[in-house]
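Student: Residue numbers (UniProt numbering): 1 to 389.
Yeah, the Cβ is synthetic: ideal placement off N, Cα and C, and Gly gets one too.
In this text the structure is predicted, and so the values were computed from the model without any measurement.
1. Which full runs of the beta strand (DSSP E) of 3+ residues lie inside the stretch 148 to 193, going along the chain?
2. Roughly how many angstroms lie between the CA atoms of residue 89 and residue 66, to the nearest whole one?
3. For residue 350 versus residue 325, is the C-beta distance shorter than 8 Å?
4. Assuming residue 405 is part of the alpha helix (DSSP H), what are its boundary residues?
5. Can you give me the C-alpha to C-alpha distance between residue 255 and residue 241, rounded to a whole angstrom?
6. Scan the stretch 190 to 227 and note each continuous alpha helix (DSSP H) run of 4 residues or more that stays entirely inside, going in chain order.
7. Report all residues from its chain with a CB closer than 7 Å to the CB of residue 107; omit the five preceding and five following residues, and keep chain order.
8. Would you kindly report the start and end of the unbroken beta strand (DSSP E) that includes residue 301?
9. Using alpha carbons as the reference points, say which of 206, 252, 197 lies closest to residue 28.
10. Out of 375, 222, 124, 333, which has the shortest C-alpha to C-alpha gap to residue 400?
11. Taking C-alpha atoms, which residue in 132, 165, 340, 344 lies nearest to residue 266?
12. Quick check: the Cα distance between residue 354 and residue 95, rounded to an integer number of angstroms?
13. What do you get for residue 367, buried or exposed, if any count of 16 or more other CB atoms within 10 angstroms of its CB means buried?
14. Can you give me the C-alpha to C-alpha distance between residue 221 and residue 143, rounded to a whole angstrom?
15. Is it buried or exposed for residue 132, if we count other Cβ within 10 angstroms and need 16 for buried?
16. Hey, residue 316 and residue 10 are a contact pair by Cβ (cut 8 Å); roughly how many whole angstroms apart?
17. Can you tell me whether residue 92 is buried or exposed, with buried defined as 16 or more other CB within 10 angstroms of its CB?
18. So, does the stretch 22 to 36 touch the stretch 288 to 299, judging by three or more C-beta pairs under 8 Å?
19. Helix, strand or coil: how does DSSP classify residue 326 here?
20. What does the alpha-carbon distance come out to for the pair residue 329 and residue 2?
21. Which same chain residues, not among the five before or five after residue 97, have their C-beta less than 7 Å away from its C-beta?
22. Taking a contact to mean a Cβ-Cβ separation below 8 Å, would you say residue 117 touches residue 226 in this structure?
23. According to DSSP, is residue 335 part of a helix, a strand, or is it coil?
24. Looking at C-beta atoms only, is the number of pairs between the stretch 76 to 83 and the stretch 227 to 241 that lie closer than 8 Å three or more?
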């Protein structure tokens with residue numbers, strides 16, 4: 001038997017950061033990951049993830065983002081590694097685009113440095129873009145990208161250095177509230193008795209929280225890397241990360257980072273998966289979908305395919321996160337899903353999850369992420385013990 005203050009199940013974006021912050025507060029932490037940290041089966045891989053302040057989804061995210069930026073810099077200082085690269089971000093689209101209007105609203109409400117550019121100005125500033133007349137965009141200089149696999153590994157390394165017991169290639173078979181805390185059963189027969197548990201299992205949330213299953217959907221998203229036709233246009237010193245919304249799709253992408261190619265992907269809902277185990281590689285249809293957007297909007301990026309890689313979005317119907325105490329037992333912290341836009345927050349979410357596990361609350365405003373907006377309170381309570389199906 002292993003006794004700890006907090007067990008963290010899942011050491012991806014959110015779980016690794018939670019283990020890091022808990023261990024650095026001097027707590028006894030056991031972290032459990034069914035694969036290797038930084039694996040490519042879930043949602044937090046593929047070399048890069050966008051970080052941005054002009055948050056079109058809703059301006060209420062911005063304060064948490066500011067904290068996330070600060071904590072990413074703290075992680076860089078502590079590790080000596082470069083996790084975040086600032087390139088600026090262009091959020092552009094057609095007239096009436098929710099991406100453009102939302103990023104402009106967030107910029108104004110939170111007094112963010114920004115520029116509003118029309119299609120011609122965008123083309124002059126960033127010649128790779130060929131946006132139609134009448135389109136516009138918001139350029140915000142603080143945008144950039146994170147290196148997700150590196151960030152997860154650094155959070156895990158920092159947690160271990162602070163005394164955390166991290167167990168990888170280990171599955172959780174069950175969690176059960178007890179009078180003293182929460183019992184976690186591992187597939188090697190180990191019993192972990194924890195004062196609290198953080199469940200941050202992403203696309204595998206349904207395995208441990210079946211009561212959430214009707215409120216979540218998994219979608220298959222495919223990332224593509226392309227050899228640019230004009231490489232000089234896509235260096236990170238002169239080409240920003242971007243999100244461009246058309247009437248057909250929303251495409252996002254990155255500069256050519258270390259010669260790996262221009263990375264681009266569709267942000268719209270992909271193929272619905274029945275489970276995280278139903279993932280499959282990218283195919284010709286996936287490539288064609290990305291190429292169609294590139295050819296219309298950023299044709300100089302639409303060169304030979306370098307590679308494709310699938311990932312999974314775990315989505316709520318309203319596309320917001322779930323970060324809350326389980327309504328059936330406040331010793332269980334639910335930290336997923338993040339609906340395809342959560343990685344950038346994970347440095348700050350680690351702090352939030354540590355607060356919730358240790359104090360049952362946090363000074364950060366996470367009211368938007370409450371679980372009771374999804375679950376009937378009574379149903380959730382009745383499903384809480386046992387939590388496993």
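Tutor: According to the data block:
1. The stretch 148 to 193 contains these whole beta strand (DSSP E) runs: 165 to 167, 172 to 177, 182 to 186.
2. Distance between the alpha carbons of residue 89 and residue 66: 16 Å.
3. no
4. The first residue shown for the chain is 1 and the last is 389, placing residue 405 beyond what the model contains.
5. For residue 255 and residue 241, the distance between alpha carbons rounds to 6 Å.
6. Taking 4 residues as the minimum length, the alpha helix (DSSP H) runs contained wholly in the stretch 190 to 227 are 205 to 208, in order along the chain.
7. 54, 114, 138, 140
8. Element bounds for residue 301: n/a, residue is neither H nor E.
9. 197
10. The structure shown does not extend to residue 400, since the chain is modelled only from 1 through 389, so no value can be given for it.
11. 340
12. 42 Å
13. exposed
14. 22 Å
15. exposed
16. That pair is no contact at about 17 Å.
17. buried
18. no
19. strand
20. Going from the Cα of residue 329 to the Cα of residue 2 covers about 21 Å.
21. 245
22. no
23. strand
24. no
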